[in-house]
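Scroll down for the structure; my scribbles are underneath it.
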Amino acid sequence: MRDYGDGKLARTFAFIACLFLAAPLIAVIGSSFTSGSYITFPPDGFSFAPYEDIANHPGFDTSTWLSLLIALIVSVVTTLIALVTARGLSIRRRAGKRTGLLDLLFLAPIMIPHAVLGVAMLQLLQGAGIPISPWPLVLAHVVITIPFGIRIITTTNEGLDLNTERAAEILGASGLELYLKVILPQLRPAVVATFFLSATLSLGEVGASLFLADAKTVTLPVRLFQFMQYQALPFISAIGALLIAVPLVIALLTERPFGLARLFGIKAGRR
Amino acid sequence: MSDRTGAIAVRGMKERTRRGASLLFIPGILIVVVFLLMPVVLLILRSFSSSPAGNPDIFPLTIDNYRVFIQQFGYYASHFGKTVLLAALGALLGALVAYPLALGIVTTRSRSLRFAYVFFALTPLLVSVVIRSYGWQVLLGPTGIFGQFAPGTNGFIGTDLAVVIGLGHLATPFVLLSLLPVLDNLDMSLIRAARGLGANAVQVFFQVVLTRSMPGLVSGLVVSFAVGATVVVTPQLLGGRTDRLVPNLIFDEMTVQFDWNLAASLSTVLMVVIALVAVAVSLLESWLSPLARARRASLSMGR
Numbered sequence: 002m003r004d005y006g007d008g009k010l011a012r013t014f015a016f017i018a019c020l021f022l023a024a025p026l027i028a029v030i031g032s033s034f035t036s037g038s039y040i041t042f043p044p045d046g047f048s049f050a051p052y053e054d055i056a057n058h059p060g061f062d063t064s065t066w067l068s069l070l071i072a073l074i075v076s077v078v079t080t081l082i083a084l085v086t087a088r089g090l091s092i093r094r095r096a097g098k099r100t101g102l103l104d105l106l107f108l109a110p111i112m113i114p115h116a117v118l119g120v121a122m123l124q125l126l127q128g129a130g131i132p133i134s135p136w137p138l139v140l141a142h143v144v145i146t147i148p149f150g151i152r153i154i155t156t157t158n159e160g161l162d163l164n165t166e167r168a169a170e171i172l173g174a175s176g177l178e179l180y181l182k183v184i185l186p187q188l189r190p191a192v193v194a195t196f197f198l199s200a201t202l203s204l205g206e207v208g209a210s211l212f213l214a215d216a217k218t219v220t221l222p223v224r225l226f227q228f229m230q231y232q233a234l235p236f237i238s239a240i241g242a243l244l245i246a247v248p249l250v251i252a253l254l255t256e257r258p259f260g261l262a263r264l265f266g267i268k269a270g271r272r
Numbered sequence: 033m034s035d036r037t038g039a040i041a042v043r044g045m046k047e048r049t050r051r052g053a054s055l056l057f058i059p060g061i062l063i064v065v066v067f068l069l070m071p072v073v074l075l076i077l078r079s080f081s082s083s084p085a086g087n088p089d090i091f092p093l094t095i096d097n098y099r100v101f102i103q104q105f106g107y108y109a110s111h112f113g114k115t116v117l118l119a120a121l122g123a124l125l126g127a128l129v130a131y132p133l134a135l136g137i138v139t140t141r142s143r144s145l146r147f148a149y150v151f152f153a154l155t156p157l158l159v160s161v162v163i164r165s166y167g168w169q170v171l172l173g174p175t176g177i178f179g180q181f182a183p184g185t186n187g188f189i190g191t192d193l194a195v196v197i198g199l200g201h202l203a204t205p206f207v208l209l210s211l212l213p214v215l216d217n218l219d220m221s222l223i224r225a226a227r228g229l230g231a232n233a234v235q236v237f238f239q240v241v242l243t244r245s246m247p248g249l250v251s252g253l254v255v256s257f258a259v260g261a262t263v264v265v266t267p268q269l270l271g272g273r274t275d276r277l278v279p280n281l282i283f284d285e286m287t288v289q290f291d292w293n294l295a296a297s298l299s300t301v302l303m304v305v306i307a308l309v310a311v312a313v314s315l316l317e318s319w320l321s322p323l324a325r326a327r328r329a330s331l332s333m334g335r
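Top line first, the protein sequences correspond to chains A and R.
Take 2 as the starting number for the first sequence in the working numbering and just add one per residue.
Take 33 as the starting number for the second sequence in the working numbering and just add one per residue.
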């Protein structure tokens, strides 16, 4: 009965689900090759004109650099914090102690809406008299990405073979040595997945960033949003298509070795 | 399985490993408390502030910012009601999309099909909500593949349907996040037993798979609801200009009206509404769960 849920009916539903998830992405990519002057899907002819038009719109380049810089810092910080926290959680769990409250705390960022976080941070900054800079954005993104990072690394941690750790202990490895030489190398795929996911989430985050944006801290998705509210031009599709294609291609190429699927709490490549 | 042997080995381990363990939580706790909980507590305080907008002082406190909800009860009730309704429909649509995908990921024997499912499941997380909502705008807009069949000149843009579709797309990955681990741990022998007892695939789905995965499904629905009820971008791009959702009202108060006290009280009420819905849904779930039903049945039998 292993084939349960893999029959014709189940496959049809799953196929429709995939189509639904892909539809808006296909529309963005498709409309980015239009040769007309307005956005249509299916596109009107075929050309690279919308891509060439990106350069004619100032501001998008500085926003891109800002977003990339923020994403880089966020992914480093999130990965480090997630590693340390996941290690703490796994030590506690193996010692038979409860982790419920800690789990809840580290899950809280998923439950607190991004917009509320943005509003709250902006009001906090103003109350403390701190001028707006990219740093609050970095911190907000770290808060937002931490639960995902902890989840990816914890899932991998749970799957590690305890015997290697025990062997290292018996051979006299110190706590730090044990971690750096035995555990960390085994976590390498999870570290890569965490790094990539937090960079991608940061790069696309808009809920909190929207509120923390002033003239100098407009990230790329915020600038896109501000622009597309008033005007719809094909070059927006072109930028969108790039923002879809780059992470998806990276994910496609790295999924087998590094496995973002860990995020879902399932072991990639099992069975 | 190896848990018990693990515990014994750990007991024998050097104490310092364990004592140092709590230090490992410091950075994570610090970040979450200082940059998440503290701003949110201050936001709630701000919602009780009597100082005028633009003044960083919060004190003295008052409940004036909440009086507006009573004075204009009808106005806010309709906006909150619509927000709750559309977010709930979005979460349900997300669950409808996520469930077959999750089931496919867990059960399919084909490795490449499984890979494709996982890849599609990941796509929404890897692409910004701005781009995804924009994609729906293209599809549902007047020149889009679906929008051209809509009555009127604006396609489906501005309709509740468009917002629900956008919110459903937003919700799918969050349902998957809670649902997949539960489905992955589902005991396949239960399915085998049910089939052996003569249940058909549909009966097995509704009576075994769906019931067993209910906790994961419900927590996924709650998270998606919370996300959908607070997102600014999707209703701003796909929704109407007149009958707007609460996150958009907050956005206006923050960036156009500059009434930050009202923005704070709106945010606080929104969080309370979301929490109430979450509590109600999980109470309902535990009331309806088979385990609880069985317990009630045995109690009423006078045990």
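Each residue gets a CB set at the ideal place from its N, CA and C atoms; glycine is no exception.
If you're wondering where the values come from, they're calculated on a predicted model, not measured in any experiment.
Could you name the residues of the stretch 208-231 of chain R whose beta carbon sits closer than 8 Å to any beta carbon of chain A, in the order they occur along the chain?
If the cut-off is 8 Å between Cβ atoms, the stretch 208-231 of chain R has Leu208, Leu209, Leu212, Pro213, Asp216, Met220, Ile223, Arg224 and Arg227 near chain A.
Can you find a C-beta in chain R that's less than 8 Å from the C-beta of Tyr39/A?
What you label residue 39/A is simply residue 38 of the first sequence in a count that begins at 1. Closer than 8 Å: yes.
Could you spell out where the alpha helix (DSSP H) holding Asn293/R opens and where it closes?
Position 261 of the second sequence holds residue 293/R. Segment Trp292 to Leu320, the alpha helix (DSSP H) holding Asn293/R.
Kindly list the residues whose CB is nearer than 7 Å to the CB of Pro90/A, restricted to its own chain and excluding five residues on each side of it in sequence; keep chain order.
In the first sequence, residue 90/A corresponds to position 89, counting from 1. According to the sequence shown, residue 90/A is Leu rather than Pro. Answer for Leu90/A: Thr100, Leu103 and Thr155, listed in chain order.
Classify Asn97/R: buried if its beta carbon has 16 or more other beta carbons within 10 angstroms, exposed otherwise.
Counted from its first residue, the second sequence places residue 97/R at position 65. Classification of Asn97/R: buried, given that the 10 Å Cβ count is 16 or more.
Let me know the secondary structure DSSP gives Thr255/A once reduced to three states.
Along the first sequence, read from residue 1 onward, the residue named residue 255/A stands at position 254. In this structure, Thr255/A counts as helix in the three-state DSSP scheme.
In chain R, which residues lie less than 9 Å from Asp7/A when you measure between Cβ atoms?
Within the first sequence, numbered from 1, the residue matching residue 7/A stands at position 6. Residues of chain R passing the Cβ test: Leu135, Gly136, Thr139, Thr140, Arg141, Ser142 and Leu145.
Give the straight-line distance between the Cα atoms of Phe112/R and Val278/R, rounded to the nearest whole angstrom.
Within the second sequence, numbered from 1, the residue matching residue 112/R stands at position 80. Within the second sequence, numbered from 1, the residue matching residue 278/R stands at position 246. About 6 Å.
Quick check: is the beta carbon of Leu138/A nearer than 8 Å to any beta carbon in chain R?
Reading the first sequence from its first residue, position 137 is the one you call residue 138/A. By this cut-off, Leu138/A is not an interface position.
Quick check: what's the CA-CA separation for Ser245/R versus Trp319/R?
Numbered from 1 along the second sequence, position 213 holds the residue referred to as residue 245/R. Numbered from 1 along the second sequence, position 287 holds the residue referred to as residue 319/R. Looking at the two C-alpha atoms, the distance is approximately 15 Å.
What do you get for Gln103/R, buried or exposed, if any count of 16 or more other CB atoms within 10 angstroms of its CB means buried?
Here the question's residue 103/R lines up with position 71 in the second sequence. Exposed is the call here.
In chain order, what residues of the same chain have a beta carbon less than 7 Å from the beta carbon of Ile17/A, not counting five sequence neighbours either side?
Your numbering for residue 17/A matches position 16 in the first sequence. Here the set comprises nothing.
Is the distance from the Cβ of Ser221/R to the Cβ of Gly248/R below 8 Å?
As a first step, residue 221/R must be located in the second sequence, where it is residue number 189. As a first step, residue 248/R must be located in the second sequence, where it is residue number 216. Contact: no.
Could you please give the first and the last residue of the uninterrupted alpha helix (DSSP H) stretch that includes Val85/A?
As a working note, residue 85/A is residue 84 in the first sequence. Counting along the chain, the alpha helix (DSSP H) containing Val85/A begins and ends at Phe61 to Arg95.
State yes or no: is the beta carbon of Phe57/R nearer than 8 Å to at least one beta carbon in chain A?
Residue 57/R sits at position 25 when you count from the first residue of the second sequence. Yes, Phe57/R lies at the interface with chain A (some Cβ there is under 8 Å from its Cβ).
What residues match up with Ser134/A in a beta bridge as DSSP calls it?
Taking the first residue of the first sequence as position 1, residue 134/A is located at position 133. Paired residue(s): none; Ser134/A is not in a bridge.
In chain A, which residues lie with their C-beta within 7 Å of the C-beta of Arg273/R?
For the purposes of this step, residue 273/R is identified with residue 241 of the second sequence, where counting begins at 1. The contacting residues do not exist; Arg273/R stays about 11 Å from chain A at best.
Span of the alpha helix (DSSP H) holding Leu56/R?
On the second sequence, position 24 is the one that residue 56/R refers to. First-last for Leu56/R: undefined, no H or E at that position.
Please state whether DSSP places Leu229/R in a helix, a strand or coil.
For the purposes of this step, residue 229/R is taken as residue 197 along the second sequence, with counting starting at 1. In this structure, Leu229/R counts as coil in the three-state DSSP scheme.
Can you give me the C-alpha to C-alpha distance between Asp35/R and Ser64/A, rounded to a whole angstrom?
As a position in the second sequence, residue 35/R is number 3, starting the count at 1. As a position in the first sequence, residue 64/A is number 63, starting the count at 1. Interpretation of Asp35/R is limited by its pLDDT of 46, a score under 50 that renders its predicted location unreliable; the figure taken from the coordinates is listed afterwards. Taking the straight line joining both Cα atoms gives about 49 Å.
With a threshold of 6 Å on Cβ separation, who are the neighbours of Ser83/R within its own chain once the five nearest residues in sequence on each side are excluded?
The sequence position of residue 83/R within the second sequence is 51, counting from 1. For Ser83/R, where only same-chain residues beyond five positions count, the Cβ hits under 6 Å are Asp89.
Once the 5 residues before and after Ala200/A are set aside, which same chain residues still bring their CB inside 6 Å of it?
Here residue 200/A corresponds to residue number 199 of the first sequence, with the count starting at 1. Correct list, in chain order: Ala72 and Ser76.
Does Arg272/A come out as helix, strand or coil in the three-state DSSP assignment?
Position 271 of the first sequence, counting from 1, holds the residue named residue 272/A. Residue placement at Arg272/A is flagged as unreliable, the pLDDT there being 39, under the threshold of 50; a coordinate-derived value is accordingly withheld.
Report the rounded CA-to-CA distance for Asp291/R versus Pro92/R, giving the unit in angstroms.
Locating residue 291/R in the second sequence gives position 259, counting from the first residue. Locating residue 92/R in the second sequence gives position 60, counting from the first residue. When rounded, the distance between both Cα atoms is 17 Å.
With a Cβ-Cβ cutoff of 8 Å, do Leu26/A and Val159/R count as a contact?
Against the first sequence, residue 26/A aligns to sequence position 25. Against the second sequence, residue 159/R aligns to sequence position 127. Yes. Within cutoff.
At what residue ranges does the stretch 167-244 of chain A contain a whole run of the alpha helix (DSSP H), taking only runs of 4 or more?
Complete alpha helix (DSSP H) runs here, min 4: 189-205 and 221-229.
Taking 8 Å as the threshold (C-beta atoms), are Pro135/A and Phe107/A in contact?
Start at 1 with the first residue of the first sequence, and residue 107/A comes out as number 106. Start at 1 with the first residue of the first sequence, and residue 135/A comes out as number 134. Contact: no.
How about Phe14/A: is its C-beta nearer than 8 Å to some C-beta of chain R?
Along the first sequence, read from residue 1 onward, the residue named residue 14/A stands at position 13. So yes, Phe14/A belongs to the interface.
When Cβ atoms are compared, which residues of the stretch 83-107 of chain A fall closer than 7 Å to chain R?
From the stretch 83-107 of chain A, only Val85, Thr86, Arg88, Gly89, Ile92, Arg93, Arg95, Ala96, Gly97, Leu103, Leu106 and Phe107 have a Cβ closer than 7 Å to chain R.
Taking the alpha helix (DSSP H) that Asn217/R falls in, what are its first and last residues?
Looking up residue 217/R in the second sequence gives position 185. Element bounds for Asn217/R: n/a, residue is neither H nor E.
Excluding the 5 residues preceding and the 5 following Tyr52/A in the sequence, name in chain order all residues of the same chain whose CB lies nearer than 6 Å to its CB.
As a first step, residue 52/A must be located in the first sequence, where it is residue number 51. Answer for Tyr52/A: Ala239, listed in chain order.
Less than 8 Å between CB atoms is the rule here; does Pro156/R satisfy it with respect to chain A?
Looking up residue 156/R in the second sequence gives position 124. With 8 Å as the cut-off, Pro156/R counts as an interface residue toward chain A.
Considering only DSSP beta bridges, list what Leu93/R is partnered with.
Here residue 93/R corresponds to residue number 61 of the second sequence, with the count starting at 1. Paired residue(s): Ser81/R.
Residues in its own chain within less than 6 Å of Glu317/R by CB, not counting five upstream and five downstream?
On the second sequence, position 285 is the one that residue 317/R refers to. Excluding residues within five positions, the ones whose Cβ falls inside 6 Å are Val250.
Which residue's Cα is closest to the Cα of Thr266/R: Ala127/R, Val196/R, Val311/R and Gly176/R?
Against the second sequence, residue 266/R aligns to sequence position 234. The shortest Cα separation from Thr266/R among Ala127/R, Val196/R, Val311/R and Gly176/R belongs to Val196/R.
Assuming Thr41/A and Thr175/R are in contact, meaning their beta carbons sit under 8 Å apart, how far apart are those beta carbons, in whole angstroms?
Position 40 of the first sequence, counted from the start, is the residue given in the question as residue 41/A. Position 143 of the second sequence, counted from the start, is the residue given in the question as residue 175/R. Between Thr175/R and Thr41/A the Cβ distance is about 4 Å, and since that is below 8 Å, they are a contact.
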